[in-house]
Amino acid sequence: MDRMPAWADAVLVPLISILLAALVSALVILAIGENPVEALSLMIDGALMRSTGWGYTLYYTTNFIFTGLCVAVAFHARMFNIGGEGQAMIGGLGVALACLFIPWPHWTLALVGATVAAAAFGAAWAFVPAYLQARRGSHIVITTIMFNFIAAAVLNYVLVNILRPAGAMDPATASFPAATHLPTFQDMFATAGNPLFRGSPANITFFIAVLACVLVWLLIWRTRLGYEIRAFGHSESAARYAGISPVRITVLAMLISGGLAGLMAINTTMGEAERLVMNATEGAGFIGIAVALMGRSHPVGVFLAALLFGFLYQGGAELALWTNIPRELITVIQALVILFTGALDNMVRMPLERIFMAFGKGTR
Amino acid sequence: MDLNTLIQILDSTIRLATPLLLACLAGLFSERSGIIDIGLEGKMLIAAFFSAAIAAMVTTAESWVLLGVELTWLKDLFPAVIWGLFAGIAASMVLSGLHGLASITFRGNQLISGVALNFLASGVTVLIAQVWFSQGGRTPSLMAGGRFENITLPLAETLRGVPIIGPIYADLISGHSILVYAALLAVPLTWWVLFRTRYGLRLRAVGEAPEAVDTAGVSVVGLRYSSLVITGVLCGMAGAYLATGLQAGFVREMTAGRGYIALAALIFAKWRPWYALWACLLFGLLQAVALRYQNLDLGLFVVPVQVMDALPYILTVVILAGFVGKAIPPRAGGEPYVKER
Numbered sequence: 016m017d018r019m020p021a022w023a024d025a026v027l028v029p030l031i032s033i034l035l036a037a038l039v040s041a042l043v044i045l046a047i048g049e050n051p052v053e054a055l056s057l058m059i060d061g062a063l064m065r066s067t068g069w070g071y072t073l074y075y076t077t078n079f080i081f082t083g084l085c086v087a088v089a090f091h092a093r094m095f096n097i098g099g100e101g102q103a104m105i106g107g108l109g110v111a112l113a114c115l116f117i118p119w120p121h122w123t124l125a126l127v128g129a130t131v132a133a134a135a136f137g138a139a140w141a142f143v144p145a146y147l148q149a150r151r152g153s154h155i156v157i158t159t160i161m162f163n164f165i166a167a168a169v170l171n172y173v174l175v176n177i178l179r180p181a182g183a184m185d186p187a188t189a190s191f192p193a194a195t196h197l198p199t200f201q202d203m204f205a206t207a208g209n210p211l212f213r214g215s216p217a218n219i220t221f222f223i224a225v226l227a228c229v230l231v232w233l234l235i236w237r238t239r240l241g242y243e244i245r246a247f248g249h250s251e252s253a254a255r256y257a258g259i260s261p262v263r264i265t266v267l268a269m270l271i272s273g274g275l276a277g278l279m280a281i282n283t284t285m286g287e288a289e290r291l292v293m294n295a296t297e298g299a300g301f302i303g304i305a306v307a308l309m310g311r312s313h314p315v316g317v318f319l320a321a322l323l324f325g326f327l328y329q330g331g332a333e334l335a336l337w338t339n340i341p342r343e344l345i346t347v348i349q350a351l352v353i354l355f356t357g358a359l360d361n362m363v364r365m366p367l368e369r370i371f372m373a374f375g376k377g378t379r
Numbered sequence: 553m554d555l556n557t558l559i560q561i562l563d564s565t566i567r568l569a570t571p572l573l574l575a576c577l578a579g580l581f582s583e584r585s586g587i588i589d590i591g592l593e594g595k596m597l598i599a600a601f602f603s604a605a606i607a608a609m610v611t612t613a614e615s616w617v618l619l620g621v622e623l624t625w626l627k628d629l630f631p632a633v634i635w636g637l638f639a640g641i642a643a644s645m646v647l648s649g650l651h652g653l654a655s656i657t658f659r660g661n662q663l664i665s666g667v668a669l670n671f672l673a674s675g676v677t678v679l680i681a682q683v684w685f686s687q688g689g690r691t692p693s694l695m696a697g698g699r700f701e702n703i704t705l706p707l708a709e710t711l712r713g714v715p716i717i718g719p720i721y722a723d724l725i726s727g728h729s730i731l732v733y734a735a736l737l738a739v740p741l742t743w744w745v746l747f748r749t750r751y752g753l754r755l756r757a758v759g760e761a762p763e764a765v766d767t768a769g770v771s772v773v774g775l776r777y778s779s780l781v782i783t784g785v786l787c788g789m790a791g792a793y794l795a796t797g798l799q800a801g802f803v804r805e806m807t808a809g810r811g812y813i814a815l816a817a818l819i820f821a822k823w824r825p826w827y828a829l830w831a832c833l834l835f836g837l838l839q840a841v842a843l844r845y846q847n848l849d850l851g852l853f854v855v856p857v858q859v860m861d862a863l864p865y866i867l868t869v870v871i872l873a874g875f876v877g878k879a880i881p882p883r884a885g886g887e888p889y890v891k892e893r
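These protein sequence lines are chains A and B, in that order.
Per my numbering, the first sequence runs over residues 16 to 379.
Per my numbering, the second sequence runs over residues 553 to 893.
Okay, here's the thing in structure tokens:
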């Protein structure tokens, strides 16, 4: 029945898709009158050749790991969670409330508290679309899109009318107290003689993101709930027949997904800005879609894809700094990745299947 | 509130509802044929950019030479703004074609394809705008000839003196650009095409039961592509109206979520043309009120502007949850059609 060996499906198809996306991206750079090779070397130089560049790359990577895992977990239950952006925004609200109103004695305790708050707030924001999908059949894609906009309005209201300190102009909270400041890579790894990661925003949250990858792997492939989520994603009717409650799985998978998106806020809000600002998520919720698609919803894949997007993001900023190529080039590359690895998947798979079929017949 | 204020609010309601209505009808055609389209935003955005960019180029260009061929006579064929409209429609149709390629030919995930198109438009518009105009991702402001002018309907000035009816006719009904009237006309036209023509019957059928249409010997693929062509045209008009009618030029992300509001209106209208008109007017009214009154004082309490901004989305969730009547989408929506062999 199998038309293609598993390795080809898991590695070859995405690899060719990504190469196609890269090829088209190179054509785009050519079309706007720049040299793709030069652009790439500039990006590598700015993102990977200095510890500060790595500091930025890993900072973005941290964001994308969380949002990528968020989309990936929902994908396993065959749900498309476009709401990562909104869930991360509301997660940021949780972080801000925890940091501003609880007198933490030390950053380690504050980190635990903020982690719980971020996950709880993100999960709570995902709960409503999940519940409506499970109980009332509202399409989760549409409701999560709507919830992104509602989250933006909620955050706008809270920041402008409630949490903005008296006299401040921009919609943002007060700075968090010093006891909640997380150690950055610079604090952790730089010494007096060796100033590593100077001024870059990467912080301890990166390790929480790596831990989240491990935990998600354990959850999906080593627990009963993970098995049920995958079974539900493969065939809802079979899962139902096996006694798995669709309502329970839908809600639980989305709660985990939303919680993971919420966790991203620790990195941006507590780790970097040290206060909650209006547009803290900067579209990372959407990049999570590309990351999950590219990583085939596997934590290892998500980690690698997040690293690639972290590199693209930081490299893109360097490009915008030194050339006439705007940062939006990254949005185009991201779109092409989503298009080729997600929507045009069969364009690669169909001819490959044919090749494998012909090859298989020849050897038999 | 006096009559003048009311007319002003309703007037901007119509202006703001027009792009929503065009995009909503675009989505209507696509989704009635069984192709879910969350890429309305992207199609509108790319159309807005290309219509403004081409209109700006045509108004300022002295002569047109393409590949050594003198084409200046083309410039006199249509005004710049019409060339802009054509360019917008063409750009939107390219994205529509990509969506069709992904979701019809290669049977990919329509939602993912739509998301990709939105990103593509968001990035490509700024990228090209920067390369062509170097003004931070925007086009130059459009001068006369590059914009859709407001049309004064016959007798508008003569009737202005008549109490109540005069101002309503002169300020509310008259004085919009041609695209506003086109959008309003598109509603009965859509209704007629969908419910009174053979093409419309087949289109609706292919969104409900493509296998039946296939059995009847009608091409599912052809029908779905044709509906995406209409979607492209309508989204192109919506984008052109934004950049060359409502405003004078393109700025980055100028659609500002209107594609999603149009999607919300489509669900609100339960995929029916006349209801789409009312839904878009309602959402246009909400935008107009939010724009005019930052915080709406109702006497008993004050409605913050953020509530007005979020209201279309909240209403859509409520409708989707079935609390106010159930919204049932076309049955085959989102499912690629696989012909059995």
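Glycine is no exception: its CB is placed at the ideal position from the N, C-alpha and C atoms.
Compare the Cα-Cα distances from residue i to each of the options and report the closest residue.
{"i": "Leu30 (chain A)", "options": "A:Phe318, A:Arg311, A:Glu343, A:Tyr328", "result": "A:Arg311"}
{"i": "Phe204 (chain A)", "options": "A:Thr67, A:Leu147, A:Ala193, A:Ser40", "result": "A:Thr67"}
{"i": "Ile656 (chain B)", "options": "B:Val646, B:Cys787, B:Tyr777, B:Gly697", "result": "B:Tyr777"}
{"i": "Ala307 (chain A)", "options": "A:Pro186, A:Leu240, A:Val231", "result": "A:Val231"}
{"i": "Ala257 (chain A)", "options": "A:Gln148, A:Thr265, A:Glu243", "result": "A:Glu243"}
{"i": "Ala299 (chain A)", "options": "A:Ala276, A:Phe318, A:Glu49, A:Arg290", "result": "A:Ala276"}
{"i": "Ala673 (chain B)", "options": "A:Ala350, A:Asn50, A:Met372", "result": "A:Ala350"}
{"i": "Leu647 (chain B)", "options": "B:Thr767, B:Gly697, B:Thr783", "result": "B:Thr783"}
{"i": "Met161 (chain A)", "options": "B:Ile813, B:Asp766, B:Trp684", "result": "B:Ile813"}
{"i": "Lys878 (chain B)", "options": "B:Trp823, B:Leu837, B:Gly886, B:Ala884", "result": "B:Trp823"}
{"i": "Met64 (chain A)", "options": "A:Glu333, A:Leu359, A:Gly106, A:Phe374", "result": "A:Glu333"}
{"i": "Leu815 (chain B)", "options": "B:Pro864, B:Ala757, B:Tyr889", "result": "B:Pro864"}
{"i": "Gly106 (chain A)", "options": "A:Val88, A:Thr82, A:Met94", "result": "A:Thr82"}
{"i": "Phe685 (chain B)", "options": "B:Leu629, B:Ile606, B:Leu837", "result": "B:Ile606"}
{"i": "Val785 (chain B)", "options": "B:Ala734, B:Ala764, B:Leu833, B:Val803", "result": "B:Ala734"}
{"i": "Ser693 (chain B)", "options": "B:Asn702, B:Ala643, B:Thr749, B:Ala795", "result": "B:Ala795"}
{"i": "Ala193 (chain A)", "options": "A:Val143, A:Ile117, A:Thr265", "result": "A:Ile117"}
When the distance is taken between beta carbons, is residue j closer than 8 Å to residue i?
{"i": "Leu572 (chain B)", "j": "Met789 (chain B)", "result": "no"}
{"i": "Phe326 (chain A)", "j": "Ala41 (chain A)", "result": "no"}
{"i": "Ile97 (chain A)", "j": "Ile819 (chain B)", "result": "no"}
{"i": "Ala125 (chain A)", "j": "Thr195 (chain A)", "result": "yes"}
{"i": "Ser564 (chain B)", "j": "Leu867 (chain B)", "result": "no"}
{"i": "Ile281 (chain A)", "j": "Ala187 (chain A)", "result": "no"}
{"i": "Gly640 (chain B)", "j": "Ala817 (chain B)", "result": "no"}
{"i": "Arg245 (chain A)", "j": "His121 (chain A)", "result": "no"}
{"i": "Thr900 (chain B)", "j": "Met596 (chain B)", "result": "The structure shown does not extend to residue 900 (chain B), since chain B is modelled only from 553 to 893, so the question has no answer here."}
{"i": "Ala54 (chain A)", "j": "Ile340 (chain A)", "result": "yes"}
{"i": "Gly274 (chain A)", "j": "Ala138 (chain A)", "result": "yes"}
{"i": "Ala873 (chain B)", "j": "Leu147 (chain A)", "result": "yes"}
Which residues in the same chain have their Cβ closer than 6 Å to the Cβ of residue i, if we skip the five residues on either side of it in sequence?
{"i": "Thr296 (chain A)", "result": "Glu100, Ala103, Met104"}
{"i": "Thr356 (chain A)", "result": "Pro29, Ser32, Leu308, Met309"}
{"i": "Gly886 (chain B)", "result": "Ile588, Gln662"}
Ordered along the chain, which non-local residues of its own chain (more than five positions away) have a Cβ less than 8 Å from that of residue i?
{"i": "Val739 (chain B)", "result": "Leu573, Leu577, Pro825, Trp826, Ala828, Leu829"}
{"i": "Met16 (chain A)", "result": "Unreliable placement is indicated for Met16 (chain A), whose pLDDT of 42 sits below 50; the coordinate value is still reported in the next sentence. Closer than 8 Å at Cβ, skipping near neighbours: no residue."}
{"i": "Phe212 (chain A)", "result": "Ser66, Thr67, Trp69, Gly70, Thr199, Phe200, Gln201, Phe204, Ala205"}
{"i": "Ala167 (chain A)", "result": "Gly101, Met104"}
{"i": "Arg379 (chain A)", "result": "Low local confidence applies: a pLDDT of 46 at Arg379 (chain A) is under 50, so the model's placement there is unreliable, with the coordinate-based value given in what follows. Nothing meets the Cβ criterion."}
{"i": "Gln846 (chain B)", "result": "Val857"}
{"i": "Ile717 (chain B)", "result": "Leu711"}
If you drop the 5 nearest sequence neighbours on each side, which residues of the same chain put their C-beta closer than 7 Å to that of residue i?
{"i": "Ile370 (chain A)", "result": "none"}
{"i": "Tyr721 (chain B)", "result": "Ala708, Leu711"}
{"i": "Gly241 (chain A)", "result": "Leu234, Ile235"}
{"i": "Ile317 (chain A)", "result": "Checking the displayed sequence, the identity of residue 317 (chain A) turns out to be Val instead of Ile. The answer, listed in chain order, is Ile80, Gly83, Leu84, Ala87, Cys228, Val306, Ala307, Gly310."}
Check whether chain E comes within 8 Å of residue i, counting only Cβ atoms and requiring the distance to be less than that.
{"i": "Asn176 (chain A)", "result": "The structure shown contains no chain E; its protein chains are A and B."}
For the pair the segment 221 to 228 of chain A and the segment 108 to 115 of chain A, tell me if three or more CB-CB distances fall below 8 Å. The segment 221 to 228 of chain A is not in contact with the segment 108 to 115 of chain A.
Which runs of the alpha helix (DSSP H) spanning at least 4 residues fall entirely within the segment 239 to 296 of chain A, listed in chain order? Segments of the alpha helix (DSSP H) lying fully in the segment 239 to 296 of chain A: 239 to 249, 251 to 256, 261 to 280.
Start-end ranges of the alpha helix (DSSP H) lying completely within the segment 63 to 128 of chain A, minimum 4 residues: Contiguous alpha helix (DSSP H) elements confined to the segment 63 to 128 of chain A occur at 66 to 91, 99 to 116, taking only those with 4 or more residues.
Pick out the complete beta strand (DSSP E) segments inside the segment 16 to 55 of chain A, 3 residues or longer, and give them in chain order. Here no run is fully enclosed.
Are the segment 315 to 332 of chain A and the segment 68 to 79 of chain A touching by the rule of at least three beta carbon pairs closer than 8 Å? Output reads yes: the segment 68 to 79 of chain A touches the segment 315 to 332 of chain A.
Contact between the segment 764 to 772 of chain B and the segment 596 to 615 of chain B is defined here as three or more beta-carbon pairs at a separation below 8 Å; is this criterion met? The answer is no - the segment 596 to 615 of chain B does not touch the segment 764 to 772 of chain B, with fewer than three Cβ pairs under 8 Å.
Using 8 Å as the threshold, is the segment 838 to 855 of chain B in touch with the segment 148 to 155 of chain A, meaning 3 or more CB pairs across them? Touching, no.
Do three or more CB pairs link the segment 586 to 596 of chain B to the segment 851 to 858 of chain B at distances below 8 Å? Proximity of the segment 586 to 596 of chain B to the segment 851 to 858 of chain B falls short of the contact definition, fewer than three beta-carbon pairs being nearer than 8 Å.
Along the chain, which unbroken stretches of the alpha helix (DSSP H) at least 4 residues long are found entirely within the segment 564 to 613 of chain B? Whole alpha helix (DSSP H) segments, 4+ residues: 592 to 612.
In chain order, each alpha helix (DSSP H) run of at least 4 residues that lies wholly inside the segment 307 to 376 of chain A: Fully enclosed alpha helix (DSSP H) runs of 4 or longer: 314 to 337, 343 to 352.
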